[in-house]
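Undergrad: In my numbering, the protein residues as written are 144 to 625.
Note that the Cβ used here is the ideal one computed from N, Cα and C, for glycine as well.
All values derive from a computational prediction rather than experimental measurement.
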Ligand code: FAD
Ligand code: SF4
Ligand code: SF4
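#1: Which residues mark the beginning and the end of the alpha helix (DSSP H) in which residue 216 is found?
#2: Would you mind sorting residue 252 into buried or exposed? The rule is 16 or more other CB atoms within 10 Å of its CB.
#3: What's the C-alpha gap between residue 611 and residue 186?
#4: List the endpoints of the continuous beta strand (DSSP E) containing residue 244.
#5: At a Cβ threshold of 8 Å, is residue 327 touching chain B?
#6: Of the choices 365, 338, 340 and 243, whose alpha-carbon is the least far from that of residue 290?
#7: Answer with buried or exposed for residue 525, where buried requires no fewer than 16 other C-beta atoms within 10 angstroms of its C-beta.
#8: For the beta strand (DSSP E) holding residue 505, just list the boundary residues, first then last.
#9: Flag residue 344 as yes when its Cβ comes closer than 7 Å to any non-hydrogen atom of ligand 1, and as no otherwise.
#10: So what's residue 195 in DSSP terms, helix, strand or just coil?
#11: When burial is assigned at 16 or more other CB atoms within 10 Å of the CB, is residue 442 buried or exposed?
#12: Please determine whether the Cβ atom of residue 559 lies at a distance below 7 Å from any heavy atom of ligand 3.
#13: For the beta strand (DSSP E) that contains residue 271, what are its first and last residues?
#14: Please identify the residue among 583, 572 and 582 whose C-alpha is closest to the C-alpha of residue 400.
#15: Need the endpoints of the alpha helix (DSSP H) that residue 311 sits in, please.
#16: Give the straight-line distance between the Cα atoms of residue 475 and residue 267, rounded to the nearest whole angstrom.
#17: When the Cβ atoms of the segment 171-183 are set against those of the segment 336-354, are three or more pairs found closer than 8 Å?
#18: Classify residue 521 as helix, strand or coil using the three-state DSSP reduction.
#19: Quick one: which unbroken beta strand (DSSP E) runs of 3-plus residues sit fully inside the segment 443-499? Chain order, please.
#20: I need the straight-line Cα distance from residue 391 to residue 320, nearest angstrom please.
#21: Roughly how many whole angstroms lie between the Cα atoms of residue 250 and residue 602?
#22: Among residues of its own chain, excluding the 5 on either side of residue 409, which ones have a beta-carbon nearer than 7 Å to its beta-carbon?
#23: Do residue 264 and residue 153 have their C-beta atoms closer together than 8 Å?
#24: Since residue 519 and residue 484 should fall inside the 8 Å C-beta cutoff, what is the C-beta to C-beta distance between them, to a whole number of angstroms?
#25: With contact counted as at least three CB pairs below 8 Å, one residue from each stretch, are the segment 382-390 and the segment 207-216 in contact?
#26: State yes or no: is the C-beta of residue 492 nearer than 7 Å to some heavy atom of ligand 1?
#27: Give me the Cα-Cα distance between residue 201 and residue 515, rounded to the nearest whole angstrom.
#28: Drop a sphere of 10 angstroms on the beta-carbon of residue 308, count the other beta-carbons inside from all chains shown, and report buried for 16 or more, exposed for fewer.
#29: Would you please state the rounded distance, in angstroms, between the beta carbons of residue 584 and residue 302? I believe it to be under 8 Å.
#30: What are the residues that DSSP puts in a beta bridge with residue 510?
#31: Between the segment 577-591 and the segment 226-243, are three or more C-beta pairs nearer than 8 Å?
#32: Would you call the CB atoms of residue 449 and residue 479 closer than 8 Å?
#33: Between residue 88 and the rest of its own chain, which residues show a CB-CB distance below 7 Å, the 5 nearest in sequence each way excluded?
#34: On a CA-only basis, which of 486, 564 and 317 is nearest residue 590? Give me that one, please.
#35: Pick out whichever of 424, 546, 625 and 423 has its Cα sitting closest to the Cα of residue 468.
#36: With DSSP run on the structure shown, which of helix, strand or coil describes residue 532?
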């Protein structure tokens with residue numbers, strides 16, 4: 144594609160958002176994304192660095208050809224369908240869930256952080272452009288068209304693979320293998336597929352419709368999904384290995400870490416995972432049509448400062464509570480996406496920094512009524528993750544609360560590793576894998592949070608894709624030597 148020397152436009156084209164006063168009363172998606180005209184306008188800000196030098200590509204964990212897909216929007220600006228189809232083809236070679244990643248990736252730390260436009264103005268809005276391509280393709284029949292072209296033409300089934308867990312790692316692995324011609328069955332413990340994408344991330348950030356479409360796409364590819372199947376309980380890993388040529392474990396990190404302090408067993412203290420699962424899987428986001436068994440009081444304190452904390456805080460706010468996030472470190476050490484922190488603040492969530500909980504205080508009925516915190520102070524010294532170390536000051540403060548949500552981290556559940564004793568784990572419970580993502584059991588592969596601990600959607604998807612390649616090689620070799 145030949146292009147005139149681009150004019151530098153420093154400011155990004157904004158995306159509209161639902162006004163604060165409207166969105167705090169419902170679970171509708173906050174950001175409305177680009178339409179075609181504004182997407183092209185934003186695309187035209189990209190100076191189209193050659194792929195071998197494009198720093199944005201290096202910043203994306205799965206190395207999407209970003210100038211490549213943006214270039215298609217510019218090149219075919221007079222033919223929206225062609226522009227989107229060509230852009231989606233580029234994205235799909237590295238990422239099959241752009242509607243999800245365009246919404247939830249921490250772009251400011253990944254693809255957008257090193258974008259050269261960031262040196263003179265705003266970096267290109269890569270995430271929102273990726274989301275636009277996915278949304279337009281989904282709503283204009285382009286995805287179906289392209290899917291038919293991507294599916295393997297051969298009718299021969301190359302082998303059978305079991306995938307455990309239907310989060311982004313499992314879904315990606317299953318999709319890639321199905322496209323290669325494998326018969327894939329997903330075993331999912333919950334009654335809905337999607338992992339954190341369905342039970343964790345709320346509707347106002349990731350509408351369920353997007354995920355439902357992705358799942359339908361997988362089913363069209365011939366993937367079978369067995370819900371309510373807990374591997375390690377309903378069926379063992381050994382039984383799976385008898386029936387399938389290989390197994391992929393993508394069981395995530397869904398076990399919440401809790402605080403070992405007095406009062407932890409008081410009523411209305413939730414782990415963020417339990418709280419969000421109730422809200423998401425029991426349809427609190429469709430209140431008042433659905434009556435969800437969750438009680439949120441007038442004053443909620445959320446402990447933590449990652450994406451999970453923001454999601455829990457903003458959900459509690461929408462259920463009618465005043466919400467305060469209490470974090471033991473400072474603002475600069477919060478790990479949530481910047482956009483979520485901004486949205487939480489706009490919506491009225493309050494933030495208290497340098498407070499570490501030491502006791503939950505209950506009323507005469509065993510319900511939480513306040514949280515006692517020690518005030519912390521930052522030191523100059525930094526820890527291994529680059530965060531400033533903190534120490535207690537010996538001063539205390541008590542904040543009233545009739546609901547507490549704990550969001551201080553997650554770890555892998557041990558259901559499979561405890562049942563299959565030859566499956567090696569690290570001290571933090573993550574599964575041990577080699578460079579091909581094979582575990583200590585031949586033919587059993589793993590990826591996503593199950594091997595990394597709490598990480599990101601795109602890293603889980605990258606693992607799912609890599610494992611699918613390794614599984615293909617493993618099964619081919621197995622069949623050759625049989
Ligand atoms: P998961 O998504 O956890 O899926 C694992 C699946 O395996 C689950 O469905 C589980 O039910 C199933 N399973 C577990 N054990 C078994 C078993 N024994 N048998 C059968 N099935 C089993 N990342 C981002 O990039 N951006 C964000 O904005 C973001 N926000 C987040 C918000 C929340 C509330 C949470 C909790 C996480 C967030 N993350 C975010 C992290 C991200 O969602 C995870 O890194 C990602 O989902 C990991 O994918 P996975 O496929 O490895 O596991
Ligand atoms: Fe950026 Fe995530 Fe898309 Fe990569 S997958 S280009 S990091 S939004
Ligand atoms: Fe475009 Fe920025 Fe990537 Fe260069 S670094 S190709 S300007 S998105």
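TA: In terms of the structure at hand:
#1: By one-based count along the chain shown, residue 216 stands at place 73. Residue 216 -> alpha helix (DSSP H) spans 209-218.
#2: Your numbering for residue 252 matches position 109 in the chain shown. Counting Cβ neighbours within 10 Å, residue 252 comes out exposed, since fewer than 16 surround it.
#3: As a first step, residue 611 must be located in the chain shown, where it is residue number 468. As a first step, residue 186 must be located in the chain shown, where it is residue number 43. Straight-line Cα distance between these residues: approximately 32 Å.
#4: The residue labelled residue 244 in the question sits at position 101 within the chain shown. No beta strand (DSSP E) holds residue 244; the alpha helix (DSSP H) holding it covers 241-247.
#5: As a matter of chain content, chain B is missing from the structure shown, which is built from one protein chain.
#6: As a working mapping, residue 290 is identified with position 147 in the chain shown. If we check each option's Cα against that of residue 290, 365 comes out closest.
#7: For the purposes of this step, residue 525 is identified with residue 382 of the chain shown, where counting begins at 1. Exposed, by the Cβ-count rule.
#8: Within the chain shown, residue 505 is the residue found at index 362, counting from 1. Run containing residue 505: 498-505, per the beta strand (DSSP E) assignment.
#9: Against the chain shown, residue 344 aligns to sequence position 201. Result yes, Cβ under 7 Å from ligand 1.
#10: Within the chain shown, residue 195 is the residue found at index 52, counting from 1. Coil at residue 195, not helix or strand.
#11: One-based indexing of the chain shown puts residue 442 at position 299. Residue 442 should be labelled buried.
#12: Here the question's residue 559 lines up with position 416 in the chain shown. The answer is no for residue 559.
#13: By 1-based counting over the chain shown, the position of residue 271 is 128. Counting along the chain, residue 271 falls outside any beta strand (DSSP E), though it belongs to the alpha helix (DSSP H) covering 269-282.
#14: Taking the first residue of the chain shown as 1, we reach residue 400 at position 257. Selected option, being the one with the closest Cα: 572.
#15: Looking up residue 311 in the chain shown gives position 168. Residue 311 -> alpha helix (DSSP H) spans 311-323.
#16: Looking up residue 475 in the chain shown gives position 332. Looking up residue 267 in the chain shown gives position 124. Answer to the nearest angstrom: the Cα atoms are 23 Å apart.
#17: yes
#18: Within the chain shown, the letter at position 378 stands for residue 521. Three-state DSSP puts residue 521 in a strand.
#19: 465-469 and 493-495
#20: Here residue 391 refers to the residue found at position 248 of the chain shown. Here residue 320 refers to the residue found at position 177 of the chain shown. If you take the alpha carbons of residue 391 and residue 320, they lie about 11 Å apart.
#21: Position 107 of the chain shown holds residue 250. Position 459 of the chain shown holds residue 602. The straight-line gap from Cα to Cα measures roughly 13 Å.
#22: Against the chain shown, residue 409 aligns to sequence position 266. 503, 505, 509, 510 and 511, listed in sequence order.
#23: As a position in the chain shown, residue 264 is number 121, starting the count at 1. As a position in the chain shown, residue 153 is number 10, starting the count at 1. Yes; because the gap between Cβ atoms is below 8 Å, this pair is in contact.
#24: Looking up residue 519 in the chain shown gives position 376. Looking up residue 484 in the chain shown gives position 341. Actually they are not in contact, since the Cβ atoms of residue 519 and residue 484 sit about 20 Å apart, beyond 8 Å.
#25: no
#26: One-based indexing of the chain shown puts residue 492 at position 349. No, since every heavy atom of ligand 1 falls outside the 7 Å radius drawn around the Cβ of residue 492.
#27: On the chain shown, position 58 is the one that residue 201 refers to. On the chain shown, position 372 is the one that residue 515 refers to. If you take the alpha carbons of residue 201 and residue 515, they lie about 45 Å apart.
#28: Mapped onto the chain shown, residue 308 falls at position 165. By the neighbour-count rule (16 or more Cβ atoms within 10 Å), residue 308 is buried.
#29: Locating residue 584 in the chain shown gives position 441, counting from the first residue. Locating residue 302 in the chain shown gives position 159, counting from the first residue. About 17 Å separates the two Cβ atoms, so there is no contact after all.
#30: The residue you call residue 510 lines up with position 367 of the chain shown. Note: residue 510 sits in a beta bridge opposite 410.
#31: no
#32: Here residue 449 refers to the residue found at position 306 of the chain shown. Here residue 479 refers to the residue found at position 336 of the chain shown. Taking 8 Å as the Cβ cut-off, residue 449 and residue 479 qualify as a contacting pair.
#33: It is not possible to answer for residue 88, since the shown part of the chain is limited to 144 through 625.
#34: Your numbering for residue 590 matches position 447 in the chain shown. Here the closest residue by C-alpha is 317.
#35: Reading the chain shown from its first residue, position 325 is the one you call residue 468. The residue with the shortest Cα to Cα distance from residue 468 is 546.
#36: Within the chain shown, residue 532 is the residue found at index 389, counting from 1. Residue 532: strand per DSSP, three-state reduction.
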